[in-house]
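J.: One structure follows; several queries about it will come next.
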Amino acid sequence: MHQDLRYAVRMLLRQPGFSIVAIVTLALGIGANTAIFSLLDKVIVRPLPVEAPERLVAFDANDSPLIVSNPVYEALRDRAPALASLAAHAERPLTLSGGTHGERVTGAIVSGNYFRTVGITAAVGRLFGADEDRAGGTHAVAVISHGLWRRAFAADPGVIGRRITVNARTLTVAGVLPSGFFGTTRGISVDVYIPRMMAPAIEPHSEDALTATNWGWLHVIARLAPGATMAQAQAALDPAFEEFGFGRKAAGNPKKDSFNLGPLPAVRLRDGSRGDTDDVDGLELPLKMVMAAVGLVLLIACANIASLLLARAVVRRKEMGIRLAAGAGRGRIVRQLLTEGVLLASIGGAAAIVVASKIAEVLVGFQQQVTYIPHSLDAAIDARALAFAATLALLTGIVFGLAPARQALAADVLPALKVDVSAPSRGTWRAGSLLIVVQTALSIVVLVGALLCIKSLRAIQAVDSGIDTTKVMTASFDLNMNHYDVDRGRQFIAALHNQVAAQPGVESVAFGTIVAFSDSLWVSGARPEGYRPAAGERLAFDFNTVSPGYFRTLGTPLAAGREFTEADRLDAAPVAIVNEALVRRFWPGQNAVGKRLDRGRRVVEIVGVVRDTRARKITEEPRPTIFLPLSQLYSSNVTIHVRSAADPRGVLGAVRAEIQNLDPGLAVSNLQTLDAQRNGSLYAERLSAALLGMLGLLALTLVAIGLYGILSYAVTQRTREIGVRSALGAQPHDLLRLVMARGLWLTTIGIAAGVALSLGLVRVIRGVLFQVSPLDPPTFVLVPLGLMAVAVAACWLPARRAARLNPLAALRRE
31 MHQDLRYAVR
41 MLLRQPGFSI
51 VAIVTLALGI
61 GANTAIFSLL
71 DKVIVRPLPV
81 EAPERLVAFD
91 ANDSPLIVSN
101 PVYEALRDRA
111 PALASLAAHA
121 ERPLTLSGGT
131 HGERVTGAIV
141 SGNYFRTVGI
151 TAAVGRLFGA
161 DEDRAGGTHA
171 VAVISHGLWR
181 RAFAADPGVI
191 GRRITVNART
201 LTVAGVLPSG
211 FFGTTRGISV
221 DVYIPRMMAP
231 AIEPHSEDAL
241 TATNWGWLHV
251 IARLAPGATM
261 AQAQAALDPA
271 FEEFGFGRKA
281 AGNPKKDSFN
291 LGPLPAVRLR
301 DGSRGDTDDV
311 DGLELPLKMV
321 MAAVGLVLLI
331 ACANIASLLL
341 ARAVVRRKEM
351 GIRLAAGAGR
361 GRIVRQLLTE
371 GVLLASIGGA
381 AAIVVASKIA
391 EVLVGFQQQV
401 TYIPHSLDAA
411 IDARALAFAA
421 TLALLTGIVF
431 GLAPARQALA
441 ADVLPALKVD
451 VSAPSRGTWR
461 AGSLLIVVQT
471 ALSIVVLVGA
481 LLCIKSLRAI
491 QAVDSGIDTT
501 KVMTASFDLN
511 MNHYDVDRGR
521 QFIAALHNQV
531 AAQPGVESVA
541 FGTIVAFSDS
551 LWVSGARPEG
561 YRPAAGERLA
571 FDFNTVSPGY
581 FRTLGTPLAA
591 GREFTEADRL
601 DAAPVAIVNE
611 ALVRRFWPGQ
621 NAVGKRLDRG
631 RRVVEIVGVV
641 RDTRARKITE
651 EPRPTIFLPL
661 SQLYSSNVTI
671 HVRSAADPRG
681 VLGAVRAEIQ
691 NLDPGLAVSN
701 LQTLDAQRNG
711 SLYAERLSAA
721 LLGMLGLLAL
731 TLVAIGLYGI
741 LSYAVTQRTR
751 EIGVRSALGA
761 QPHDLLRLVM
771 ARGLWLTTIG
781 IAAGVALSLG
791 LVRVIRGVLF
801 QVSPLDPPTF
811 VLVPLGLMAV
821 AVAACWLPAR
831 RAARLNPLAA
841 LRRE
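Numbering-wise (our numbering), the sequence shown opens with residue 31 and increments by one.
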């Protein structure tokens, strides 16, 4: 084996051109696949690092994670003998105070049996137990994550018993979780765990959280009892869920909420910015699309390597004949060729790790940074991803090594010794030609998908959102986390407004509850004056509470009426501003100023109409929206918007400093420009366009390399024929046309096959395109033309070499 390895190294060094092309091709193909596998594994596939994760189940209702009240959870807890235990959890943003300022962290309020149900033990200290479930507010303890332990406490084992301040409440650290456990809601990394019975003390205005039967805030997970099945647990819980208003749709009532059990690892991710469920809020679908594209790129890379190895195997036929004549067994030759293939793939696989790390960094860099609950994704290529890359490289090496080995097994000694390496081989040429056609067709599919996504992103970026995002910055905070009452909260907001407005370069300052482009949502009901809803019609509108100057700060003009002013105080007549979308729906062609909206407990008068904005999602049409004055409807969770005369990044530090001067323990989040907020809201589209574009260019490069390789091989095979043609009077341009015609013919066949394949497959991505048809004619013209141009360039070099061959030298060549 040592001798085989030494000879394999010598062969790679003797043919540096072949080796470099093969290694780069493998590095790109395997590296891209490894990067996407790594993130998909972390987001979708990987089971929790706990005991028997396959026995964990989660509850969902109507295809969304089930949310129940605390009394319902307690009633369900002992209802199913098929469940070993049933636990509850709820993720929340929290303020961890300490040092010079408060830090926004992710918390989870969990039942006392949560960790036992999950099947995890403490790395340091202890976890919660039955005592933490017995009385409300009596167990002021916390369990912290391994990451927070390292980040905030320098991994000090003496952290047990130390006091920390969470939401202005003092808790004692009871334990530290092991590394790698981030919680049971995938994609959300939890820092601090607090007992369920401490919820009223930790969460402001949640005094009834433990007793209110109609307040759903807990998610439920369970562990199956030994020998029990999911179906048995489902059947045992059916009566209980019927009692609490959840039924099975299959039972004949399609309008009733339904509940189902499912494996915990298969539960979809929840997006923290909206508090609801979604497939990683747009991250899962782009990753799957890119995984499909990167799989096609790997196939192109494999076809490329196969083409190179076919040409190399033909050149080495005489070498194999000499080895056989010298007494080498066929098994010995096969082992040698397999060693060479595996060595080549191993070097390519090692280089692929570097490529995978860079691609993973790009992927993670596209994560949305505006959600208040952080995702736990990272760019590290861990052991599972390394094993994936190693397996892919090994399989590739074996497959590539078997191609020349198969020829060696089939070879006879005398024909192999007599073979002329310049003689054409129909079988090899046909195989190489087929590989070129396959590469071209697959690259068309990748390029069409990439160009469609790029055009879609450009269409989105060109949309006028109705908001002037230039020179505006934002900073969000929740005064409730530090237990401000309404009066103190109003005083804080007023003081912060005055302090920031006095900063040099600040043009205007305003507050709003819902941040533009954050995908946040506040929906509530109202009845427009004079409108009679149809039977069963539900009138629901987007709402936002804003301060005076809000629309001026965001650069959104009024269409009629006025903005809110300081005169719109709590003791003044209730007023509202609506957008044009609401006016078009309920008062088309009328002046809405002066009309009223009935909100149930109060009627508000419309004093202004603002231009439509795409404030929630740029790809969505403007929705009917109602704006209320913050002075009349106080909200503790607000975002300050600051418009500056110059670069808004220059006032970010000043705004943070003013907030900390007023309350050093208040956590600030979403500290960024509104431009960055808008770009962050497009991360899924940008991710798709950037990565598919990169993969498209990679596919184009691989096709060019493959086409160049097979034509160079063809020129080498036909050297004597070309010499004869030249000696008989063929001109250089005739030889140039002869060689290029072969390559362009193969390209044309591949393009035709690729276009036909793309027409069928692009419909799959219809849902991610914006104002772009999946059958976009310019795309299906530009991609084939671009690929043909690359093919011309790839064919030119070997054709030019053929045209310059010396006839006498070519005829003398053996």
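Here a beta-carbon is modelled for each residue, glycine too, at the ideal position from N, C-alpha and C. No experiment lies behind these values; they were computed from the predicted model shown.
Take E391 as the anchor and find which of P814, S756, L717, R192 has the nearest alpha-carbon.
T.: With distances taken between Cα atoms, E391 lies closest to L717.
J.: For T543, tell me which candidate among A323, K388, P659 has the shortest Cα-Cα distance.
T.: The shortest C-alpha separation from T543 is found at P659.
J.: Taking N667 as part of the beta strand (DSSP E), name the residues at either end of that continuous run.
T.: Where N667 is concerned, the enclosing beta strand (DSSP E) stretches over 667-674.
J.: Rounded to whole angstroms, what is the Cα-Cα separation between P79 and I656?
T.: C-alpha separation (whole angstroms): 46 Å.
J.: Determine the direct distance from the alpha carbon of T215 to that of V634, and round the result to whole angstroms.
T.: Looking at the two C-alpha atoms, the distance is approximately 40 Å.
J.: Short of 8 Å in beta carbon distance, which residues of its chain neighbour A734, apart from the five on each side in sequence? Order them along the chain.
T.: V820, A821, A823, A824.
J.: R298 by DSSP, collapsed to three states: which one?
T.: Note that R298 scores 36 on pLDDT, short of 50, meaning its location in the model is unreliable and no value can be drawn from it.
J.: Identify which residue in A419, N709, R362, L373 has its Cα closest to the Cα of Q384.
T.: One point to set straight first is that residue 384 is Val, not Gln, in the sequence displayed. That would be A419, whose Cα lies nearest to the Cα of V384.
J.: Determine, using beta carbons only, whether R109 and A270 come nearer to each other than 8 Å.
T.: Yes. Within cutoff.
J.: Measure how close the beta-carbons of I335 and A152 come, nearest whole angstrom, since I'm counting them as under 8 Å.
T.: About 50 Å separates the two Cβ atoms, so there is no contact after all.
J.: Beta carbon of A410: closer than 7 Å to some heavy atom of the ligand SAM?
T.: Among the components modelled here there is no ligand, and therefore nothing to report on the ligand SAM.
J.: Pull up the CB-CB distance for V475 and F810, whole angstroms please, since I reckon it's below 8 Å.
T.: Contact doesn't hold; Cβ gap of about 12 Å is too wide.
J.: Three or more C-beta pairs under 8 Å: does that hold for the stretch 35-45 against the stretch 369-386?
T.: The answer is yes - the stretch 369-386 touches the stretch 35-45, with three or more Cβ pairs under 8 Å.
J.: Please identify the residue among P694, V698, D693 whose C-alpha is closest to the C-alpha of L682.
T.: For L682, the nearest C-alpha among the options comes from V698.
J.: Using CA atoms only, rank isn't needed, just tell me which of L787, A833, N100 is closest to T470.
T.: Looking at the Cα atoms, L787 is the closest of the given residues.
J.: To which residues does DSSP link N510 through a beta bridge?
T.: Answer is none; N510 lacks a bridge partner.
J.: By DSSP's criteria, T125 is part of a beta bridge. Which residues make up the other side?
T.: BP columns for T125 point to R134.
J.: According to DSSP, is F800 part of a helix, a strand, or is it coil?
T.: The answer is coil: DSSP assigns F800 none of H, G, I, E or B.
J.: Quick one: residues in its chain with C-beta nearer than 6 Å to the C-beta of G773, no 5 flanking neighbours on either side, listed in chain order?
T.: These residues qualify, in order along the chain: L737, L741, C825.
J.: Are F581 and L612 touching if we call contact CB-CB under 8 Å?
T.: It is not a contact, given that the beta carbons lie outside the stated cut-off.
J.: Taking 8 Å as the cut-off, does the stretch 319-332 touch the stretch 60-72 (at least 3 CB pairs, one atom from each stretch)?
T.: They touch, by the three-pair rule.
J.: Just reading off the alpha helix (DSSP H) that P534 is part of, what are its end residues?
T.: P534 -> no alpha helix (DSSP H), and no H or E assigned at all.
J.: I think C505 touches L701, with their Cβ atoms under 8 Å apart; what is that distance to the nearest whole Å?
T.: Per the sequence shown, residue 505 should be read as Ala rather than Cys. Indeed, because the Cβ distance is near 5 Å, the residues count as touching under 8 Å.
J.: For A587, which residues of its own chain have a beta-carbon under 7 Å away from its beta-carbon, when the five flanking residues on both sides are left out?
T.: A quick correction: the sequence has Pro, not Ala, at residue 587. Around P587: R641.
J.: Would you kindly check if the distance between the Cβ of A386 and the Cβ of A417 is under 8 Å?
T.: The answer is no: Cβ separation not under 8 Å.
J.: When DSSP labels each residue in this structure, what does A819 get in the three-state scheme?
T.: Note: A819 maps to helix in three-state DSSP.
J.: Is DSSP giving H763 helix, strand or coil here?
T.: Reduced to three states, the DSSP call for H763 is helix.
J.: Tell me L254's beta-bridge partners as DSSP assigns them.
T.: L254 pairs with L113.
J.: Quick check on I50: buried or exposed, where buried means 16 or more other Cβ atoms within 10 Å of its Cβ?
T.: Under this definition I50 is an exposed residue.
J.: From A112, A783, M818, R181, pick the residue whose C-alpha is nearest to that of L464; which is it?
T.: Checking every option, the nearest Cα to that of L464 belongs to A783.
J.: Could you tell me whether the stretch 494-508 touches the stretch 666-683, using the rule of 3 or more Cβ pairs below 8 Å?
T.: Result yes; three or more Cβ-Cβ pairs closer than 8 Å.
J.: Whole beta strand (DSSP E) runs in the stretch 167-194 with 3 or more residues, listed along the chain?
T.: For the stretch 167-194, whole beta strand (DSSP E) runs of length 3 or above, ordered along the chain, are 171-174.
J.: Just to confirm my understanding: we take D705, look at its own chain, exclude 5 residues before and 5 after, and list those with CB closer than 7 Å. What are they?
T.: Contacts found: T499, T500.
J.: Does the structure place the stretch 93-102 close enough to the stretch 247-266 that three or more beta carbon pairs sit under 8 Å?
T.: They touch, by the three-pair rule.
J.: Exposed or buried, which one is H235 when buried takes at least 16 other CB atoms within 10 Å?
T.: Flag for H235 reads exposed.
J.: Mind checking P225: buried by the 16 CB within 10 Å criterion, or exposed?
T.: P225 should be labelled buried.
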